[in-house]
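Have a look at the structure below before the remarks.
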Amino acid sequence: MARITLSKLAHSYVKDPKSDKDYALRELNHEWEDGAAYALLGPSGCGKSTLLNIISGIVTPSHGRILFDDIDVTFEDTTDRNIAQVFQFPVVYDTMTVQQNLEFPLKNRGKDAKYIAQRVASIARSIQVEDILHKKARGLSADQKQKISLGRGMVREDVNAILFDEPLTVIDPHMKWELRTQLKALHKELKHTMIFVTHDQTEALTFADKVVVMNVGEVVQIGTPQELFEKPAHTFVGYFIGSPGMNILDVEISGNQAKLFDANVELTQNYSGLKGKLELGIRPEFMTLCEEGQGIKIEITRIEDVAHHKIVRARYDNKDINIIVQEDVVITKTMNNMTFDMSKVNIYENSWLVEGEKI
Amino acid sequence: MKKTVNQKAWFLVLPVLLLVGFSAVIPLMTVVNYSIQDTFGNNQFFPVGLEWFEEILHSERIHDALGRQVLFTSIIMAIEIPLGIYIALQMPKSGIWASVCLVLISLPLLIPWNVVGTIWQIFARTDIGLLGHTVAAMGIDYNYSQDILSAWITIIVMDVWHWTSLVVLLCYAGLQSIPSAYYQAAKIDQASRWNVFRYIELPKMMGVLLIAALLRFMDSFMIYTEPMVLTGGGPGNATTFLSIDLVKMAIGQFDLGPAAAFSLMYFLVILLVSWVFFTVMSNIDKEEG
Chain A
1 MARITLSKLA HSYVKDPKSD KDYALRELNH EWEDGAAYAL LGPSGCGKST
51 LLNIISGIVT PSHGRILFDD IDVTFEDTTD RNIAQVFQFP VVYDTMTVQQ
101 NLEFPLKNRG KDAKYIAQRV ASIARSIQVE DILHKKARGL SADQKQKISL
151 GRGMVREDVN AILFDEPLTV IDPHMKWELR TQLKALHKEL KHTMIFVTHD
201 QTEALTFADK VVVMNVGEVV QIGTPQELFE KPAHTFVGYF IGSPGMNILD
251 VEISGNQAKL FDANVELTQN YSGLKGKLEL GIRPEFMTLC EEGQGIKIEI
301 TRIEDVAHHK IVRARYDNKD INIIVQEDVV ITKTMNNMTF DMSKVNIYEN
351 SWLVEGEKI
Chain B
1001 MKKTVNQKAW FLVLPVLLLV GFSAVIPLMT VVNYSIQDTF GNNQFFPVGL
1051 EWFEEILHSE RIHDALGRQV LFTSIIMAIE IPLGIYIALQ MPKSGIWASV
1101 CLVLISLPLL IPWNVVGTIW QIFARTDIGL LGHTVAAMGI DYNYSQDILS
1151 AWITIIVMDV WHWTSLVVLL CYAGLQSIPS AYYQAAKIDQ ASRWNVFRYI
1201 ELPKMMGVLL IAALLRFMDS FMIYTEPMVL TGGGPGNATT FLSIDLVKMA
1251 IGQFDLGPAA AFSLMYFLVI LLVSWVFFTV MSNIDKEEG
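Here the protein sequences line up with chains A and B, keeping their order.
Under the working numbering, the final residue of the first sequence carries the number 359; numbering is consecutive throughout.
Under the working numbering, the final residue of the second sequence carries the number 1289; numbering is consecutive throughout.
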């Protein structure tokens, strides 16, 4: 197990990158703590796979360094990095039995038979495949195969990190949840550094201690699931995380007074020296729908009942907004005003979060 | 589910029955017809029962031809299958050189069979052929028209040159379909080159290899044109394979009855071996599953 340090790391598939656009991954400094579970979250093509491939050694970065503990491995081959990877679709050795699959990495490293038997038995117990150890891997279901390819990584005690490249893509929905829970339990038990690439926010938020959100080649925020939810550092994070995402409204601010399209609200913090384009972000969870005259008038377009709550779709200032309403609330015709929980409001300058001074 | 009964539907099968009848059954029946009759000429035939079949089964000449045929097929398959796999593994996976290799490899497959025979017939001549002359000049006693070993080696080299490409192309297609993640996983597991071949490439190629082996078996077991052009079955009868012998019997000696019986048994042998081969191979496939 190891701490992974990315130092001024950047990658471009173009030979002579000139502008930011030429970079698949923009400059990045980060330390992945030993034994933590991370998720790399972002839409398709945001550079998360590039980052994962750099860590695993498939791609050599065009700029910067990557260190395992204090050893520079930037130019080292995958074979020498001692990492494990679980791929998007299950990679198992079809003609081998489950047991042979699990033994394979240890045998190749010339470990002695007694040690191999003991490791395989222990991993088989952890990933719950003891009853199928003597079956050929070919006939197994996708989720069992994924477990085996995970087991092949974990069977090595000294593995530096386990990388997951959207490993639940081909798994049936009901098995996804179970596998994710097992993964989480395995992480607690074995304390490997785990990096989990996904574009599914539920997967990221339930699996990881810390989530790295990426967009167009750039890391926009690294934080705990709660931080990402309450204090998104960028409007992209606010929008991308949450279902539905954060509402973003144009705003003018002086001091603690915020002027929306046709209403004024009082902020809990003082802001000064703001120059760029200003926006106010508020999550649908922190908004309330109320009677006419009690808040800001909106135009409701649709109400969706999604079992445990209702989503009110509405228009304000020519923008779509969403409000989450508890299921037991009866929405009448005259309930067409909104109010915010002002302590949960975030202010963004040129899309980046700005903090004011406490009043 | 309740099915509608409509006997008129049988008419829909009729076109297929007619087609199969004219293309396969009727021609085959004429052969069956010859195989149980004899003639003294004047287009007068009389039935002889299974006499021809008995004669062919006990004919030393046919036994020898069958022996040569089995030997030939075994040798060329033992060479072409491993060689084809090896060449496919060495070929570049992508880029301009992959295309160049594919075109060059495919060339022998595009040459008409009798032209292949002619090419090698001239190429291997000791007086004017580049290969034959060079080998002879090196002091090796080589002459495919007089020496049995030379004739066999020439025919085998010719067949390997002509048909290994087919195995290469099929294996190459099989290899191309392996996702790169498998190789990546093998690297992570520190698998040796041999293990990558044994546990990733070979299992993924099994399907196409089965087809390649089956095609090579059938084609080589029926080979006629190339050895006919190259050696004409000689020296003596040394390269007289089943097809060559059959043609000699049917057209050379005009023994229609024995030739017909021979054809039928020849056909059944190929059918049987192909069936056994296919069943065994697909069962191995299933067992592993």
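Each residue gets a CB set at the ideal place from its N, CA and C atoms; glycine is no exception.
Note that the structure is a prediction, hence the values are computed from the model and not measured.
Does the beta carbon of residue i sit closer than 7 Å to a beta carbon anywhere in chain A?
| i | result |
| --- | --- |
| Tyr-1182 (chain B) | yes |
| Gln-1190 (chain B) | yes |
| Lys-1187 (chain B) | yes |
| Tyr-1199 (chain B) | yes |
| Pro-1112 (chain B) | no |
| Pro-1258 (chain B) | no |
| Gly-1289 (chain B) | Since pLDDT at Gly-1289 (chain B) reaches only 44, below the 50 mark, its modelled position is unreliable, and the value read off the structure follows with that caveat. True, the Cβ-Cβ gap to chain A drops below 7 Å. |
| Pro-1203 (chain B) | yes |
Give me the Cα-Cα distance between residue i and residue j, rounded to the nearest whole angstrom.
| i | j | result |
| --- | --- | --- |
| Asp-165 (chain A) | Thr-78 (chain A) | 15 Å |
| Ala-208 (chain A) | Ser-1106 (chain B) | 53 Å |
| Met-1158 (chain B) | Glu-1080 (chain B) | 11 Å |
| Lys-1008 (chain B) | Pro-1015 (chain B) | 14 Å |
| Gly-57 (chain A) | Lys-1187 (chain B) | 11 Å |
| Gln-100 (chain A) | Ala-113 (chain A) | 12 Å |
| Ala-1024 (chain B) | Gln-128 (chain A) | 57 Å |
| Lys-358 (chain A) | Val-14 (chain A) | 46 Å |
| Thr-169 (chain A) | Ile-195 (chain A) | 16 Å |
| Ala-1136 (chain B) | Thr-1126 (chain B) | 6 Å |
| Leu-1169 (chain B) | Met-1091 (chain B) | 10 Å |
| Lys-191 (chain A) | Leu-106 (chain A) | 20 Å |
| Lys-1248 (chain B) | Glu-1060 (chain B) | 15 Å |
| Met-1228 (chain B) | Gly-1129 (chain B) | 18 Å |
| Glu-76 (chain A) | Leu-6 (chain A) | 15 Å |
| Phe-1046 (chain B) | Ala-1259 (chain B) | 16 Å |
| Trp-1120 (chain B) | Gly-110 (chain A) | 51 Å |
| Leu-1209 (chain B) | Asp-1064 (chain B) | 30 Å |
| Ile-397 (chain A) | Asn-160 (chain A) | This structure cannot settle anything about residue 397 (chain A), because the visible part of chain A is limited to 1 through 359. |
| Ile-1026 (chain B) | Phe-1011 (chain B) | 20 Å |
| Trp-1113 (chain B) | Ile-1223 (chain B) | 10 Å |
| Ala-117 (chain A) | Gly-151 (chain A) | 14 Å |
| Gly-255 (chain A) | Pro-225 (chain A) | 30 Å |
I need the DSSP call for residue i, collapsed to helix, strand or coil.
| i | result |
| --- | --- |
| Val-325 (chain A) | strand |
| Gln-1044 (chain B) | coil |
| Ile-359 (chain A) | coil |
| His-1058 (chain B) | coil |
| Gly-1236 (chain B) | coil |
| Lys-210 (chain A) | strand |
| Phe-378 (chain A) | Chain A is shown only over 1 to 359; residue 378 (chain A) falls outside these bounds and no answer can be derived. |
| Arg-152 (chain A) | helix |
| Leu-28 (chain A) | strand |
| Val-91 (chain A) | coil |
| Gly-973 (chain B) | No answer is possible for residue 973 (chain B): it lies beyond the span of chain B, which begins at 1001 and ends at 1289. |
| Glu-157 (chain A) | coil |
| Gln-1037 (chain B) | strand |
| Lys-18 (chain A) | coil |
| Thr-5 (chain A) | strand |
| Tyr-38 (chain A) | strand |
So if DSSP puts residue i in a beta bridge, which residue, or which two residues, is it bridged to?
| i | result |
| --- | --- |
| Phe-236 (chain A) | DSSP lists no partner for Phe-236 (chain A). |
| Cys-290 (chain A) | A:Asn-337 |
| Gly-281 (chain A) | A:Ile-248, A:Asn-346 |
| Ala-314 (chain A) | A:Ile-300, A:Ile-321 |
| Trp-352 (chain A) | A:His-234, A:Glu-349 |
| Thr-1132 (chain B) | Per the sequence shown, residue 1132 (chain B) should be read as Gly rather than Thr. None; Gly-1132 (chain B) has no bridge partner. |
| Gln-146 (chain A) | Gln-146 (chain A) pairs with nothing; no bridge assigned. |
| Gly-255 (chain A) | A:Tyr-271 |
| Tyr-1142 (chain B) | Paired residues: none, contrary to the question. |
Does any CB atom of chain B fall closer than 7 Å to the CB of residue i?
| i | result |
| --- | --- |
| Thr-224 (chain A) | no |
| Val-212 (chain A) | no |
| Val-91 (chain A) | yes |
| Gln-94 (chain A) | Note that residue 94 (chain A) corresponds to Asp in the displayed sequence, not to Gln. Chain B contact via Cβ: present. |
| Arg-3 (chain A) | no |
| Arg-65 (chain A) | no |
| Pro-108 (chain A) | Reading the sequence as shown, one finds Asn at residue 108 (chain A) and not Pro. Cβ-Cβ to chain B under 7 Å: yes for Asn-108 (chain A). |
| Gln-85 (chain A) | yes |
| Thr-288 (chain A) | no |
| Thr-79 (chain A) | yes |
| Pro-232 (chain A) | no |
| Phe-75 (chain A) | no |
| Phe-104 (chain A) | yes |
For residue i, go through chain E and note every residue whose CB falls closer than 9 Å to its CB, in chain order.
| i | result |
| --- | --- |
| Pro-284 (chain A) | Here chain E cannot be found, since the structure's protein chains are A and B. |
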